[in-house]
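First comes the structure, then the notes that go with it.
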């Protein structure tokens with residue numbers, strides 16, 4: 002409980018945008034003052050994260066097929 006968690010980017014199979022990785026880590030911060038202070042702030046900051054990884058409906062379908070099978 003005293004050790005900071007490993008960043009999402011260290012465990013993800015794909016690329017995680019730096020801003021999203023940072024935001025997730027802030028959500029997991031031990032000190033509540035270091036976390037987003039409201040759901041509204043979290044929503045705003047999530048909206049600011051840009052993702053340009055070519056995610057398509059076909060790719061999503063394949064991911065779900067693999068996920069459900071696993």
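Numbering (this note's numbering), first residue to last: 2 to 71.
Each residue gets a CB set at the ideal place from its N, CA and C atoms; glycine is no exception.
Computed from a predicted structure; not experimentally measured.
Figure out for me which residue from 19, 3, 36 has the closest Cα to the Cα of residue 10.
Position 9 of the chain shown, counting from 1, holds the residue named residue 10. Considering only 19, 3, 36, the residue with the shortest C-alpha distance to residue 10 is 19.
Use the C-beta contact count for residue 47: other C-beta atoms within 10 angstroms, 16 or more gives buried, fewer gives exposed.
Taking the first residue of the chain shown as 1, we reach residue 47 at position 46. Counting Cβ neighbours within 10 Å, residue 47 comes out exposed, since fewer than 16 surround it.
What does a CB cutoff of less than 8 Å around residue 28 pick up in its chain, not counting 5 residues either side in sequence?
For the purposes of this step, residue 28 is taken as residue 27 along the chain shown, with counting starting at 1. Same-chain partners within the cutoff: 36, 37, 43.
Taking all protein chains shown into account, decide if residue 17 is buried (16 or more other Cβ within 10 angstroms of its Cβ) or exposed.
To locate residue 17, count along the chain shown from 1; it is residue 16. Residue 17 is buried by the Cβ-count criterion.
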